[in-house]
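In my numbering, the protein residues as written are 294 to 373. The beta-carbon is built from N, C-alpha and C at its ideal position, and this holds for glycine as well.
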Amino acid sequence: MEIKEGELLGIDEVIRLELAKRWRIAIYGSEKDEIPAYDTMAERNLETITSADGGKVKYRVKSFDDAEKTLSVIREIKWE
Numbered sequence: 294m295e296i297k298e299g300e301l302l303g304i305d306e307v308i309r310l311e312l313a314k315r316w317r318i319a320i321y322g323s324e325k326d327e328i329p330a331y332d333t334m335a336e337r338n339l340e341t342i343t344s345a346d347g348g349k350v351k352y353r354v355k356s357f358d359d360a361e362k363t364l365s366v367i368r369e370i371k372w373e
């Protein structure tokens, strides 16, 4: 899968990349956050809870580093 900065991904796509490419996933709650979370399964739970309340969670690719095997994403929640 080709990854581009700024691309929006669902949590399942993020987890697939984590498993298939053995990447470490750094999840930021906003552009201003300096300390990321790394728990993709907790993010899946957040997505389930948010969607039950009418929200959609997507992850915008902030950056990726093949050498470090790290994908950094920013969580975006939109309410309908």
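Measure from the alpha carbon of Asp359 to the alpha carbon of each residue in Asp326, Glu311, Glu373, then state which is nearest.
A check of alpha carbon separations from Asp359 across Asp326, Glu311, Glu373 identifies Glu311 as the nearest.
Are Lys351 and Glu369 close, meaning C-beta to C-beta below 9 Å?
Yes, Cβ-Cβ distance for Lys351 and Glu369 is below 9 Å.
Does the beta-carbon of Ile328 have 16 or more other beta-carbons within 10 angstroms, so that it is buried, or is it exposed?
Burial call: exposed.
Among Ala313, Asp305, Glu324, the one whose alpha carbon lies nearest that of Gly299:
It is Glu324.
Backbone secondary structure at Arg249 - three-state DSSP:
Residue 249 lies beyond the range of the chain shown here (294 to 373); nothing can be said about it.
Identify, in the order they occur along the chain, each residue of the same chain with its Cβ nearer than 6 Å to the Cβ of Phe357, setting aside the five sequence neighbours on each side.
Hits under 6 Å: Ile296, Leu364.
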